[in-house]
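Engineer: Residues -25 to -1, 1 to 288 in mature numbering (1 follows the signal peptide of the UniProt record, and there is no 0) are what the sequence shown spells out, letter by letter.
Quick one: this structure, given as structure tokens, is what I'll be asking you about.
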Amino acid sequence: MALRRPAAGAILLSLACAALGLSHAAPHAAPAHASSTAHTVYAAGDIARCKHPDPRWSGAAATATLVEWALRADPRAVVLPLGDHTYPNGTAREFADCYAPTWGRFRERTWPTPGNHEYNTKDALPYFDYFGMRARGVDGNGYYSLRLGSWLLVSLNSNLKGERHAAQLAWLRAELENSTASCTLAFWHHPSFSSGGHRGPGRMIDAWDILHRAGAELVLSGHDHDYERFAPQDARGRPDRARGLRQFVVGTGGAYATPFLRIRDNSEVREASFDGVLRLRLLADGYEWQFLAAEPERVPAGATLDRGIGSCH
């Protein structure tokens, strides 16, 4: 059921529509620049903080409003939440009370990946129960793949260790070897590189190396509650403009902000002042990105704070 909002919520929706160039009268119309080969994804992690007394006025509500109206304009667009969907413990009640009234409004168009806070509850069972089969993935371990046009999207579980993680890596190699996609995007929760509190090189460097060798393009992560864009690099953090992976850290889904501590090599853009979402247009042979703000009291909702284009390898 859609959440009823007071008048201020309607103002936020109008601002979001105006900034994104959407028609309030015809929310289901496709954007003028849409094409049959392009697919759009909206991504952010670290979303619903249940300490907030009213989810209608939370950071998660602001980012959800931005995404919701963008989805109405593009029926093919999908959502990639990058882990830590609820705080602090990923319980069933948190999903029901904090996530469902906000980002849960577009659950049927969501392809998730688990964060560490989900695992504060045994085996992240409420997370898997909430998202169902699409979250369980291979053998119920939380990793899977999907195709969007010419792109292969791979969701990996950065919480796995030992034999379960080794099995995930073996599956990843096979997926990439058998893929007929022109371009590849991977997403998981813990960033391999970050200027925030989890500096790295962190988890999933082995997965990064596999993706790099296969010629993949993009990695999306959360965990640090900020936005950061890196130049293409290899698994050792060395610049590689020709074949490297570009990483976006997008932990700005609404929970709370955390500061940058020490700037890493190859960090190109950083923002820790705004909740927001990353908008990616996945083209036949490239991609376009925008980081959209979701705080209309300081900037217009949907204002672009970072943007650019890239090509597939």
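For every residue, glycine included, the Cβ atom is placed at its ideal position computed from N, Cα and C.
In the DSSP assignment, what residue or residues form a beta bridge with P214?
Structural biologist: Q208
Engineer: I'd like the ranges of any alpha helix (DSSP H) spanning at least 4 consecutive residues and lying wholly in the segment 163 to 205.
Structural biologist: 180 to 188, all fully within the segment 163 to 205.
Engineer: Report the rounded CA-to-CA distance for G117 versus R216, giving the unit in angstroms.
Structural biologist: 31 Å
Engineer: Exposed or buried, residue 300, counting other C-beta atoms within 10 Å across all chains shown (16 or more means buried)?
Structural biologist: Residue 300 lies beyond the residue range present for the chain, which begins at -25 and ends at 288; the question has no answer from this structure.
Engineer: Would you check if there are 3 or more beta carbon pairs closer than 8 Å linking the segment 245 to 254 to the segment 22 to 32?
Structural biologist: no
Engineer: Do you know how far the Cα of D49 is from the Cα of S133?
Structural biologist: 30 Å
Engineer: Apart from the five residues just before and just after A210, which ones in its own chain have a Cβ nearer than 7 Å to its Cβ?
Structural biologist: I180, W183, D184, H187
Engineer: Cα separation between W78 and L127?
Structural biologist: 24 Å
Engineer: Grouping DSSP H, G and I as helix and E and B as strand, with all else coil, what is E263?
Structural biologist: Strand at E263.
Engineer: Select from P76, G90, R47 the residue whose C-alpha is nearest the C-alpha of P63.
Structural biologist: G90
Engineer: Hey, could you find the ends of the alpha helix (DSSP H) W146 is sitting in?
Structural biologist: From DSSP, the alpha helix (DSSP H) with W146 extends over 137 to 153.
Engineer: Determine the contact status of P234 and G219, defining contact as a CB-CB distance below 7 Å.
Structural biologist: no
Engineer: Would you report the Cα separation of Y17 and E150, rounded to the nearest angstrom?
Structural biologist: If I take the Cα positions, the gap works out to 23 Å.
Engineer: Which one of T61, R84, T85 has the shortest CA to CA distance from N95?
Structural biologist: The candidate whose alpha carbon is nearest that of N95 is T61.
Engineer: Just to confirm, are Q222 and F168 a CB contact at a threshold of 7 Å?
Structural biologist: yes
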